[in-house]
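Under the numbering used here, think of the first position of the sequence shown as 1442, with each following residue one higher. Beta carbons: idealized from backbone N, C-alpha and C, even for Gly.
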Amino acid sequence: MKYKLEWIFKVKGNENVRFSSGWLEGDHALLTAQELEKTGKATDFSFEDEIGTEWTLKEMKRLLEETEEEPSDVVLYFDGAFKKDSKEAGLGVVLFFKQGKKKYRVRANERIAEMDTNNEAEYAALYFAATLLEEYGIANMPCEIRGDSQGVLKQLEGEWPCYEEVLNKWLDRIEKKLESNGIKAICKAVPRNENKEADKLASQALDGKKIMAKTQLL
């Protein structure tokens, strides 16, 4: 989670001036405020997170202590594969997140039946990704969602309409799951070559190879 810091600077002989920073990591934002406070000229510190919640300096200190070991800096990739003859879909998800000082990657896939199209497989993959976020306790934070299906991502953002009833049902399920966990989706369409790991997981699921692996990154 990133934060924007605001403060008032006392200017001798003039009115006080309000300043604000760009987006900073939580510990960097807090350290900046503490260093400014030492000057004796900066007061009235406030922090705003990416979801829009505001925090005082005291609240920020407590927040970072309480959430030090909670997941953060979340990025996930998703992809779906479809087998027309059996109407099965393979769902692939790669999830990256930071927890404390450590970084992790989760690779997961799933095979499901009764799919009608490749588009539906993409939606099912994104729903699978949303359930994975919940499984790892990722909540009340922004999450960057990356995939090579621009249509799915644009529809999730509400920029493109979705006319198919089946896909709309999947979209409703995805939105409900994300909203119930306080996830702010930041959608980013990527080229296929940037999504190849999720694509491979989806294909492996169709081949009957089940994967669920969490790896600590160096």
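At least three beta-carbon pairs within less than 8 Å, the region 1589-1602 to the region 1497-1511: no
If I'm right that Phe1450 touches Ala1470 with Cβ under 8 Å, what's the distance once you round it to whole angstroms? Not a contact, Cβ separation roughly 16 Å.
Going by C-alpha distance, which of Thr1494, Leu1517, Gly1541 and Glu1605 is nearest Val1631? Leu1517
Glu1466 by DSSP, collapsed to three states: which one? strand
Below 8 Å on the Cβ atoms is my guess for Leu1642 versus Gly1533; work out the distance and round it to an integer in Å. 3 Å
Run the CB neighbour count on Phe1460, radius 10 Å, all protein chains shown included, and call it buried at 16 or more, exposed below. exposed
Separation of Asn1581 from Gly1623, as counted between CA atoms: 4 Å
For Leu1729, which residues from the same chain have a beta carbon less than 8 Å from its beta carbon, with the 5 sequence-adjacent residues on both sides left out? Because the chain in this structure spans residues 1442 to 1659, residue 1729 falls outside the shown range and cannot be described.
Classify Met1442: buried if its beta carbon has 16 or more other beta carbons within 10 angstroms, exposed otherwise. buried
At what residues does the beta strand (DSSP E) containing Ser1644 begin and finish? Segment Lys1637 to Leu1647 is the alpha helix (DSSP H) holding Ser1644; no beta strand (DSSP E) there.
Could you give the DSSP three-state label for Ser1621: helix, strand or coil? helix
Jot down the residue ranges of each uninterrupted alpha helix (DSSP H) in the region 1523-1591, minimum 4 residues, whole runs only, in chain order. 1559-1576
If Lys1655 and Val1547 are in contact, beta carbons under 8 Å, what's the gap, nearest whole angstrom? 5 Å
How should Val1458 be labelled, buried or exposed, when 16 other C-beta atoms within 10 angstroms of its C-beta is the threshold for buried? exposed
Is there contact here, the region 1479-1494 with the region 1519-1529, by at least three beta-carbon pairs under 8 Å? no
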